[in-house]
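The block underneath contains the structure these notes are about, expressed in structure tokens.
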Ligand SMILES: Cc1cc2nc3c(=O)[nH]c(=O)nc-3n(C[C@H](O)[C@H](O)[C@H](O)COP(=O)(O)OP(=O)(O)OC[C@H]3O[C@@H](n4cnc5c(N)ncnc54)[C@H](O)[C@@H]3O)c2cc1C
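Residue numbers (the UniProt record's numbering): 1 to 426.
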């Protein structure tokens, strides 16, 4: 897609087990002479590939699809607002995953912020990351929602990293949120927000400049069953499985399921409603017994505002339109949050994007394959999937763990399951 143009003057480096962004060229790492096969061209695979390359590995990224404006992959559909876990789609509840996710999210926050503050355009290509104020609204005081109060208190304890913290019910009036939305409490923070089309192209460009090899192909069947053949065919030392929902087939993980989501795209040029520069969100809450309570309004870039959201488990069909009742109701929920939004015009390129968040029974899995190979030896597959509604929020953190798991394989350590005890809990 891109010609290898120049060497980017930035790199990822693990420091005390946490990935950090550094400016400069990586100090020549001892050549590892090892190739890693990364399967999946979404945000999880591409970020893992970047982290591995900066550690000196050669990387081949194999994917059946790549970021493409005409036929977007899930990583492009994402609202791509960084959120402290659990995310507003309300399904990240597994204790082990949540504990790891908090650490992964903080790593990602720092790196996205550094991308904004330290990197300009890369050879004329924008990275598409911005820091935006994100407002979260609640229909009761936080004190009546212990889970949400605890989340806010954790966020406050991280104020050395997470900027712009403020809790006040005045935010409801400040944003002229309609009374019919019934909001009673709110807080805000400064959050990375990603223009996914731009960022995924930028990632592709950075990886191609760093020398990655790209192969377009679909892998079928169990990875474990064909591990040796794949390692030999791609002259690879290890395999990273970052295939999102396809982990159902490739990892034989029957707990993988889709959570269908959708976003409406409207023009945000200030003509039909006051131009919005901040994000506005209401968390999905299962205790209300409805899947239709989530609000997710995020400026995609300077021109487009995206409106969401819906959370439909096990719904595989991508057959929604702006006239489907569930999408009309989603739009009405959003209208209560921005005066004049009902007059908004659809984006000329597309009015609606829909996608399947790649969920898993016990949420995110960044773990080595624990089943042995046919010959009884340890598998060299590392899984990174099940990021659900948080693939961007967790991307750099998960990539750091992928690097350390590959290093574990090199050190001939046996694979272990994700555990609470090993997690970085913030
Ligand atoms: C409506 C919506 C809103 C969202 N909002 C947010 C948000 O605000 N913040 C956030 O962080 N996340 C959000 N997400 C979630 C985010 O999009 C996902 O978590 C993320 O895209 C997962 O990335 P991934 O790389 O793991 O999977 P994917 O993006 O699905 O990428 C998988 C890749 O693997 C390839 N692949 C699959 N199967 C095979 C195979 N058999 N052989 C070869 N290649 C294969 C695919 O072509 C693709 O390139 C949202 C998602 C949706 C749908």
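All C-beta atoms, glycine included, are put in the ideal place defined by N, C-alpha and C.
Closest residue to residue i among the options (Cα-Cα distance)
i: residue 394; options: 71, 75, 35, 11; result: 75
i: residue 43; options: 58, 399, 149; result: 399
i: residue 123; options: 151, 8, 179, 168; result: 8
i: residue 350; options: 378, 389, 307, 87; result: 307
i: residue 252; options: 304, 241, 116, 195; result: 241
i: residue 339; options: 247, 271, 314; result: 271
i: residue 301; options: 264, 311, 154, 196; result: 196
i: residue 101; options: 408, 293, 397, 154; result: 397
i: residue 234; options: 323, 215, 375, 130; result: 215
i: residue 78; options: 392, 408, 403; result: 392
i: residue 6; options: 12, 52, 121, 51; result: 121
i: residue 200; options: 250, 155, 49; result: 49
i: residue 386; options: 315, 371, 347, 257; result: 257
i: residue 229; options: 410, 52, 374; result: 374
i: residue 160; options: 130, 183, 110; result: 110
i: residue 324; options: 275, 342, 264, 348; result: 264
i: residue 85; options: 155, 222, 183; result: 155
i: residue 24; options: 11, 63, 410; result: 11
i: residue 146; options: 285, 222, 401; result: 285
i: residue 259; options: 311, 342, 27, 63; result: 311
i: residue 303; options: 187, 316, 347, 342; result: 347
i: residue 178; options: 409, 408, 341; result: 341
i: residue 222; options: 26, 247, 198; result: 247
Beta-carbon spacing of residue i, residue j below 8 Å
i: residue 266; j: residue 181; result: no
i: residue 420; j: residue 89; result: no
i: residue 231; j: residue 61; result: no
i: residue 166; j: residue 21; result: no
i: residue 255; j: residue 357; result: no
i: residue 388; j: residue 151; result: no
i: residue 59; j: residue 262; result: no
i: residue 418; j: residue 333; result: no
i: residue 107; j: residue 33; result: no
i: residue 414; j: residue 383; result: no
i: residue 217; j: residue 380; result: no
i: residue 296; j: residue 175; result: no
i: residue 268; j: residue 299; result: yes
i: residue 137; j: residue 280; result: yes
i: residue 368; j: residue 318; result: no
i: residue 112; j: residue 192; result: yes
i: residue 128; j: residue 194; result: yes
i: residue 185; j: residue 141; result: yes
i: residue 403; j: residue 55; result: yes
i: residue 210; j: residue 53; result: yes
i: residue 330; j: residue 355; result: no
i: residue 144; j: residue 81; result: no
i: residue 67; j: residue 204; result: yes
i: residue 65; j: residue 41; result: yes
Whole-angstrom C-beta distance between residue j and residue i, which should lie under 8 Å
i: residue 245; j: residue 72; result: 15 Å between Cβ atoms; not a contact.
i: residue 189; j: residue 172; result: The Cβ separation is near 16 Å, so there is no contact.
i: residue 277; j: residue 132; result: 7 Å
i: residue 238; j: residue 36; result: 5 Å
i: residue 97; j: residue 412; result: Contact flag wrong, Cβ pair sits at about 27 Å.
i: residue 139; j: residue 202; result: About 38 Å separates the two Cβ atoms, so there is no contact after all.
i: residue 326; j: residue 292; result: 7 Å
i: residue 371; j: residue 224; result: 6 Å
i: residue 13; j: residue 390; result: Not confirmed; about 24 Å, so no contact.
Beta-bridge pairing of residue i - partner residues as DSSP gives them
i: residue 23; result: 10
i: residue 157; result: According to DSSP, residue 157 bridges with nothing at all.
i: residue 52; result: Note: residue 52 sits in no beta bridge, so no partner.
i: residue 185; result: 138
i: residue 193; result: 81, 130
i: residue 298; result: 306
i: residue 285; result: Beta-bridge pairing links residue 285 to no other residue.
i: residue 63; result: 216
i: residue 383; result: 241, 367
i: residue 355; result: 261
i: residue 111; result: Per DSSP, none; premise fails for residue 111.
i: residue 346; result: 266
i: residue 15; result: 18
i: residue 312; result: 260
i: residue 167; result: 187
i: residue 279; result: 134
i: residue 68; result: In the DSSP output, where bridge partners are listed per residue, residue 68 has none listed.
i: residue 58; result: 35
Near ligand 2: residue i beta-carbon under 7 Å from a heavy atom
i: residue 388; result: Looking for ligand 2 in the displayed structure turns up nothing; the ligands present are ligand 1.
Within-8 Å CB hit, residue i to chain B
i: residue 16; result: Of the protein chains in this structure there is only one, and it is not chain B.
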